[in-house]
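So for the sequence shown, the working numbering puts the first residue at -1; every next one is plus one. Every residue gets a Cβ at the ideal spot worked out from N, C-alpha and C, and that includes glycine. Scroll down for the structure; my scribbles are underneath it.
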Amino acid sequence: MSYLHKKQEFKPQELSDYIAPDCHGLNFFEVDNNLRDLLHVYMPDDLRQHMEPHYNRLGEISGTQLDDWSREADKHGPILHARDARGRNEDWIEFHPSYRKMEDVAFRDFGFHCMSHREGVLGWQEKVPPIGKYVFQYLFGQSEFGQLCPISATDTSAMLIERYADEATKAKLLDRMYSQDMDKILKGAQFMTEKTGGSDVSQIALEARFEDGEWKLYGEKWFCSCADGDIALLLARPEGAPEGNSGLALFAMPRRREDGSRNPYRIVRLKDKLGTKSMASGEIIFEGASAYPLGEVGAHPNKGLKLMMDQVNFSRLSHGVRGAAMMRRCLNEALTVANYRKAFGETIIDKPLLRRQLMKLMVPTEQALSMFMYVAVNLEQGEKGGEAAAKRTRILTPLLKYRTARDNIRVATGAMEVRGGNGYIEDWVNARLVRDAHLGVLWEGTSNINSLDVTTRAIARAGAHEDLAEDLTRQIDANSALPGQYAGQLKGLLDQSVKFAEEVARLGKETHARKAASALYHVTTATLMANEGAKLGAAGKDARRLLLSRMIIDHKLGAANPLSIEADAFDTAATDALLSESPLSLEEVSRILTL
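Structural data, given as structure tokens:
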């Protein structure tokens, strides 16, 4: 089992030996038994067998070099240079060499940005399906969060250009956007937010004018992620188009024109952010910048926002993966400290209250892992024409983004607390994890926006909750290894949660949107984890995810009296099992479930 679950021998030779180590130096794939087990559940055998050596290689890099580079890039953020030596507005952004080294790993060595768009990346004969790609991001994100923004922006921008641009634009951009040659690659960016607001894109004022046979942009954007991007996607309002969402059009704007000259827009300032300091975010003024239209553009485009939502949904999935990755790192840090540090005469992992706190970190971490893998599988099925899977993806992506972003903050803070005062010091990774975690609730929609997307759109308009409930019920019914009484309990909670969310949507109860979305997330993950644990246990592998499923039911969906001392026989036995080194058989897990 994992090194993280083993007590380390404590023989201090000097005072510094009392300070608990961190996870640096570990192979983040090797120590993640839960991930390796779930690859058997969600990934076809041929793909899994092909990718496991690559995951292992990235896991080693992520726990060593990438971890070092990420810390350096966080301390030495990007620097904006507005003009060149001759006074020309050739603004460019200088990055620390460590940032460029991380780019080389992601774009050049592994091809995160292109593996789902072209065949042959990492020797896989086809395009790598979403589940394969997002596992790479999950391992990478355990050390570096900021770099995943330009990775995702390049991936999703290329996707929209491939889907909606004309053939001439595709010919100009796509080959280089899919390139792994760092001298040729065009990296993507997303420039959306304006001073008039972020989530309410209907107020976008950036104007597009058709001049001299091309579209040109005038105005400004207030928060531009990946400000150094070579191709930026943005929404603008064509001259004469109506106000509101219906008047928006989607454009791809290159950093340089075809003749090599600088496209006339200026990065006027970089944002001094709380977190993701390695990645450049800026404010940009457009002074007639040339841009390529995507889809129908004119006085009444009426489709720009709809096209852009394709990228938003993919970005939300990527954010969920990032949240899962960061929570895994936080949990691993907490377990490393807990298995090393001594206080009041014993290793702190033996302290009952700390064991309970570790479960509060472990449960949401494992929920996020199961959820993003399930979403990735549904995404692939939907892209192949599965209507029900596409509808499930429609509701699952805002659910994933909403809950993982919120849970990540609590898990990061909890892991910092386990390390104690050192967790608040920038010498350790915990402080950066806390800072970075908070961005998740802002990018691609706040918690309110994502929960309302679930109730007012995915449920009220698309009826996607019905397809989700149908698939989860099918999983329960088809899994003969699930204990019968527990299967019945899951189905009952699933029915209640779906009906509650449907009622919130039908009545338009905005104040209950978060509650409804949380219930759907928790019942979905409880079902997934029960199914995973039973499947793995029946195959002779570790069945522990069944215990985590029960913890979700008891602590996320139950109605415990806050002023009572609850029966804790199950919690104690499950915690002991989950913090142990040994795999858990289906028989042992089934016995604990009855407590």
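Taking Cβ positions, are L596 and I91 nearer each other than 9 Å?
-> Outside the displayed range of the chain (-1 to 593) lies residue 596, so it cannot be described from this structure.
Residue closest to R404, alpha-carbon to alpha-carbon, out of G419, G418, Q365 = Q365
According to the neighbour-count rule (16 or more other Cβ atoms, all chains shown, within 10 Å of its Cβ), is M(-1) buried or exposed?
-> Because M(-1) sits at a pLDDT of 43, beneath the cut-off of 50, its placement in the model cannot be relied upon, and the following sentence gives the value as read from the coordinates. It is exposed - the Cβ of M(-1) has fewer than 16 other Cβ atoms within 10 Å.
Considering only residues of the same chain and omitting the five flanking positions on each side of P76, which have a CB-CB separation below 7 Å?
-> I91, E92, F93, L268, A278
Are there 16 or more other CB atoms within 10 angstroms of the CB of D434, so buried, or fewer, so exposed?
-> buried
Output the boundary residues of the alpha helix (DSSP H) element that contains Q379.
-> 350 to 381
From what residue to what residue does the beta strand (DSSP E) around C222 run?
-> 212 to 223
Tell me which same chain residues have a C-beta within less than 6 Å of the C-beta of G380, skipping the five on either side of it?
-> A387, A388, T391
Write down every uninterrupted run of the beta strand (DSSP E) in the segment 251 to 277 whose length is 3 residues or greater and which is fully enclosed by it, in chain order.
-> 263 to 268
Is it right to say A565 is buried, meaning 16 or more other beta carbons lie within 10 angstroms of its own, or is it exposed?
-> exposed
Starting from the N-terminal side, write out each stretch of the alpha helix (DSSP H) that is 4 residues or longer and does not extend beyond the segment 124 to 200.
-> 128 to 138, 146 to 162, 165 to 175
H79: buried (16+ other C-beta within 10 angstroms of its C-beta) or exposed?
-> exposed
Looking only at its own chain, which residues have a Cβ that is under 6 Å from the Cβ of A289, when we skip the five neighbours before and after it?
-> W213, L215, F249, M251
Below 6 Å CB to CB, which residues in the same chain sit around F312 once its five sequence neighbours on both sides are set aside?
-> T154
In chain order, what residues of the same chain lie with their CB nearer than 6 Å to the CB of R353, ignoring the 5 residues before and after it?
-> T573
Buried or exposed (CB count within 10 angstroms, at least 16 for buried), N337 | buried
Tell me whether M(-1) sits in a helix, a strand or coil according to DSSP, three-state version.
-> Low local confidence applies: a pLDDT of 43 at M(-1) is under 50, so the model's placement there is unreliable, with the coordinate-based value given in what follows. In the structure shown, M(-1) sits in coil (DSSP, three-state: anything other than H, G, I, E or B).
Within the segment 19 to 97, ranges of the beta strand (DSSP E) (whole runs, at least 3 residues) | 77 to 79, 90 to 92
Quick one: what's S279 bridged to in DSSP?
-> S223
Under a Cβ-count criterion, where at least 16 other Cβ atoms within 10 Å of its own Cβ denotes burial, should A166 be classed as buried or exposed?
-> exposed
Exposed unless 16 or more other CB atoms sit within 10 angstroms - verdict on E88 = exposed
Alpha carbon to alpha carbon, how far is R55 from D82? Give it in angstroms, no decimals.
-> 40 Å
Three-state secondary structure (DSSP) of S578 | coil
Kindly indicate which three-state DSSP category E294 falls into: helix, strand or coil?
-> coil
For I423, does the three-state DSSP call read helix, strand or coil?
-> coil
Quick one: give me the first and last residue of the alpha helix (DSSP H) that A458 is part of.
-> First-last for A458: undefined, no H or E at that position.
Out of A503, L329, L491, which has the shortest C-alpha to C-alpha gap to D451?
-> A503
Let me know the secondary structure DSSP gives I229 once reduced to three states.
-> strand
What three-state label does DSSP hand A557 in the structure shown?
-> coil
Whole-angstrom Cβ separation of S516 and R401, contact assumed at under 8 Å?
-> 6 Å
Rounded to whole angstroms, what's the CA-CA distance from L577 to F342? Just pull it up for me.
-> 21 Å
Extent of the continuous alpha helix (DSSP H) run through R327 | 302 to 336
K513 versus G490: straight-line alpha-carbon distance, rounded | 18 Å
Between S259 and R253, what straight-line distance do the alpha-carbon atoms span, to the nearest angstrom?
-> 9 Å
Going by DSSP, what residues sit across from L248 in a beta bridge?
-> L233, L292
If A567 sits next to L593, beta carbons under 8 Å apart, how far is it from one beta carbon to the other, in whole angstroms?
-> 4 Å
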